[in-house]
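Some notes on the structure that comes next.
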Amino acid sequence: MRRYSLLLMYLFSWNAYPQITESPLKTFGYFQNQFEYNNYENEYDVTSFSMQQLNIFMQKDIAPDWSALVNLELVNNYSSIKQWGSFNLEEAWVRYRYGRVFNIKLGLQIPIFNNLNEIKNKSPLLPYIIRPLIYETSFKEILDLDEYLPARAHFQVFGFIPWNKSKIDYAVYLGNSPNINADKYKGLTGTDTSSTILIGGRIGIRNGEFKTGISYSHDKMNLNVDEHVLQAFQVPISRFNRIPRTRLGVDISYRYKSVFGESEYIKVNYDDDIEELKIAKSFYYMTLGYYLTERLLTYTSYWVTDENFTTIDMPDEQSFIIKNGDIDIRVFNLGLSYNLNDRITLKAQAAKGKIKSDCSELIPTNKFFFYSVAISVFF
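Heads up: the sequence shown is residues 955 to 1333, going by our numbering.
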């Protein structure tokens, strides 16, 4: 009798949820392979082939109005044996969709910030080989890109609100602070070590091919300092903890017939109360392009990165000299992008740049030239 009761329970439970249907697992991705030549004035030349970036996505509709996605990212000829590049879990989230007006994402995700942050990994859709500096994931090994952008969030509400002939974009998200544990001897790695959170969002408007918006994020950061820094500033270590950091971004993009343009500005400020400590960063880029044919785009792009920082010189063990410095990077680009078909894009890019620094012992002033060809594939 017990067997029949269990069978009836199973049948009734099956019929009680007929609306829950699962779609097949969709697996797709993007990758970009390139050949590049780099020349640093008065230093050295480099030529190299590389698998610049690979993103593998797994997406599944798991219930009506619910879907899930996982995004795995590999960069710079990744090899764990040879210790090349990096392998990263970029996203693992579930989304509830109530039309275009209201969406909720729960789990690890790339938050909406300016125009490129959310789509920077979709290489075949972008004309660049080297993306505007702070969006170039392959540079993460040498540049702290997370200073400029909120790279990870864990809860986000977003959508589009119709307004006359336009749409208002909105997004609000929460995430961890930048104070993440990386030492297994201090507890679980990858978890926040503070009670503060990241909060951010974007508000924008779009009308046809025109899009613009303002982005903002706020978190609190613990600065890693040593004994010499504490002695030089003569303040307790608590003054370097939970320093408020804000990012303000503005983006605009437009396409009219064969003309294409996009631009962004990002300003990063640290609200510390130490007078001699100067930390601020800004980034700006502007791209103008023209479609020679429906498939062939030619463009020029200009990037500017500016960083203010503080260094400490020690003439002897008892003396400290606090200096404020500035590093300025300017890059001028020319490029071509050709859509061979809906899944393959061929690219070429040339860049001339200059690194200007008033702190030569850290980063000397230098000029560089970059030439590259690449193939981007959607599979």
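Heads up, the beta-carbon is just placed ideally off N, CA and C, and yes, glycines get one too.
- Looking from the CA of residue 1130, the closest CA among 1100, 1118 and 1137 belongs to 1100.
- Collapsing the DSSP output to three states places residue 1207 in a strand.
- In this structure the region 1032 to 1041 does not lie against the region 1054 to 1064, because fewer than three pairs of beta carbons, one per stretch, are closer than 8 Å.
- Distances from the alpha-carbon of residue 1122 to those of 1297, 1055 and 1311 put 1055 closest.
- By the criterion of a C-beta distance shorter than 7 Å, residue 1136 is surrounded in its chain by 1143, once the five residues flanking it on both sides are discounted.
- Residue 1299 sits away from residue 1148, with the two beta carbons spaced by 9 Å or more.
- Going by DSSP, residue 1122 is part of the beta strand (DSSP E) stretching over 1120 to 1130.
- The alpha-carbon separation between residue 1154 and residue 998 amounts to approximately 42 Å.
- Taking all protein chains in view, the Cβ of residue 1188 is surrounded by fewer than 16 other Cβ atoms within 10 Å, so the residue is classified as exposed.
- Taking 4 residues as the minimum length, the alpha helix (DSSP H) runs contained wholly in the region 1121 to 1203 are 1181 to 1187, in order along the chain.
- Note that the C-beta distance between residue 1088 and residue 986 is not below 9 Å.
- Going by DSSP, residue 1067 is part of no beta strand (DSSP E) at all; its letter is neither H nor E.
- Residue 1305 and residue 992 have their C-alpha atoms roughly 10 Å apart.
- Per DSSP, the unbroken beta strand (DSSP E) holding residue 1304 starts and ends at 1298 to 1311.
- Residue nearest to residue 1044 within the set 1327, 1023, 1140 and 1331 is 1023 (criterion: CA-CA distance).
- Counting every other CB atom within 10 Å of its CB across the protein chains shown gives residue 1291 a total of 16 or more, marking it as buried.
- The alpha-carbon separation between residue 1103 and residue 1201 amounts to approximately 8 Å.
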